[in-house]
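Here the structure is laid out as C-alpha cells; the discussion comes afterwards.
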Amino acid sequence: KIHGITSCIHAAAVSNEAYAQPDPAAAIATNIWSTATLLETARIQNWDRFILVSTGSVFEKRAWKGAPISEDATPEPGNVYSTTKAAAEMLCRLYRTEYELSASVVRLSWVFGPPVTSQDPTRGPIPSFIIRALRGESIREGGADFAASFTFVEDVANGLLAAVSAPELPSPVYHLGHGINFSLSDVADAICKTIPEAVIDLTPGTEPWTQFTAMRDPLAVQNMREDVGFEPAYPLEKGIAAYIQWFRDNPDMWAEDRPIP
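In our numbering, the protein residues as written are 1005 to 1265.
Structure, rendered in C-alpha cells:
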C-alpha cells in the first residue's frame, strides 16, 4: 500500500531442474512458499491482477502426441522443478476460485535473448551457438532433431505486460509463445543467415538436450490470442537476429577470455 502496488507479475523462481534438484527445500521455499505469500498479499490488499509466470515444464512426463498442448491440459510434472511450479499453479487456481482474485498462470517455454549469455546447456542451445559462432568456432555436434517452443525475451516481456493490463482474464491459464516448435536445424539456419561465416553441422538425434529436459509438444496459444489479443512480434529468425545484434553491440559478453557463466 505504501508504494501503491495494485498488480503483480510473479516471475522469481529457482529456474530449472539443474538448480532445483540439489536443494529441493530451497526450490520449494522459492517456487511454492513465495507464491503463497504473494497470493495472500494480493488477497489482503485486493490487488487488481496477479500473474504467475510458469513453465511448459509442468508437462515434463507428458508423452509426445504430435499436437499442441492445450491450456486446460492436466500438468504432468516429473521432477523437483516441474513439481514446484505445478504446485504454485494450483495455489493460483485456489485463490482465483476461492477468493475471486483475478489470478492467472502464464506459461513460458525456452526463453532466449539478452542478457542471458550462459553456455550452460540447461539454458538452451541458442546463446551457446551464437557465442561460438561469433568467436569463429565450428559447431559440430548432435541434436539436430531436438525441438522446442523457443521464445524471444522481448515477446515474453510484452506478453506478460499485455496479460497484467488486460481488462479481463477469463481463463486461469495462458500460454505465451508461437504455438509451434522449432528444431535445432531451424536455429542453426537462423544463426547462419545473420552470421554467414558460421559453421554449424548438426547430426540427427535429440541429445544432448534431452539429457536435461524432455522434448514436448508445443504449447497451444489460443487463450492468449483470444482473451489478450497478443501475438509475438519476433519469429525465430527475427529473434535470433536481434539477439546476435545485441551480442555484437556488447562484444565483451562473448570475448574469448570471458569466463563461461
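Ideal placement from N, C-alpha and C gives every residue a C-beta, glycine not left out.
Within 8 Å (strictly less), CB to CB, does residue i reach chain B?
i       : result
TRP1250 : Although the question refers to chain B, the structure presented lacks it and comprises just one protein chain.
Quick one: Cα of residue i to Cα of residue j, how far?
i       : j       : result
ALA1077 : HIS1007 : 37 Å
GLU1211 : GLY1070 : 19 Å
ALA1017 : LEU1206 : 32 Å
VAL1232 : THR1214 : 33 Å
ASN1280 : ILE1248 : In this structure the chain extends from 1005 to 1265, so residue 1280 is not present and cannot be described.
PRO1129 : ALA1091 : 28 Å
ALA1167 : PRO1239 : 20 Å
ASP1124 : PHE1216 : 11 Å
GLU1044 : ASN1050 : 10 Å
ALA1031 : PRO1118 : 25 Å
PRO1131 : GLY1060 : 20 Å
PRO1265 : PHE1133 : Caution is warranted here: a pLDDT of 47 is assigned to PRO1265, below 50, making its placement in the model unreliable, and the coordinate value is therefore given only provisionally. Their Cα atoms are separated by approximately 15 Å.
LEU1042 : VAL1191 : 37 Å
LEU1164 : ALA1237 : 14 Å
Looking at residue i: is its Cβ nearer than 8 Å to the Cβ of residue j?
i       : j       : result
ASN1227 : SER1175 : yes
ILE1295 : ILE1195 : Lying outside 1005 to 1265, the shown extent of the chain, residue 1295 is not represented and no answer is given.
VAL1160 : ARG1111 : no
VAL1109 : CYS1096 : yes
ALA1046 : LEU1105 : yes
TRP1258 : ARG1127 : no
GLU1021 : ALA1224 : no
Does DSSP classify residue i as helix, strand or coil?
i       : result
ARG1127 : helix
PRO1265 : Reliability fails at PRO1265, whose pLDDT of 47 lies under 50, so the model's placement of it is uncertain and no value is given.
ARG1139 : coil
HIS1014 : strand
SER1169 : helix
ILE1036 : helix
PHE1251 : helix
Taking the DSSP output, what are the residues bridged to residue i?
i       : result
VAL1191 : According to DSSP, which records beta bridges pairwise, VAL1191 is partnered with nothing at all.
HIS1179 : ARG1111
ASP1221 : ASP1221 pairs with nothing; no bridge assigned.
LEU1056 : HIS1014, VAL1109
THR1198 : None, per the DSSP bridge assignment.
ARG1144 : ASP1205
THR1275 : An answer regarding residue 1275 cannot be provided, because it is not within the stretch 1005 to 1265 covered by the chain.
For the ligand SAH, I want to know if residue i counts as a neighbour, meaning its beta carbon is within less than 7 Å of at least one of the ligand's heavy atoms.
i       : result
LEU1164 : This structure lacks the ligand SAH; in fact it carries no ligand of any kind.
Query - Cβ pair count under 8 Å reaching 3, the segment 1011 to 1026 against the segment 1045 to 1055 - result: yes
Query raised in the report: Can at least three beta-carbon pairs, one atom from the segment 1143 to 1159 and one from the segment 1179 to 1195, be found at a separation below 8 Å?
Result: Yes: at least three Cβ pairs fall under 8 Å.
Query raised in the report: Is it true that the segment 1133 to 1143 meets the segment 1085 to 1103, where meeting means three or more beta-carbon pairs spaced less than 8 Å apart?
Result: no
Query raised in the report: Any chance the segment 1037 to 1047 sits against the segment 1191 to 1209, with 3 or more Cβ pairs inside 8 Å?
Result: no
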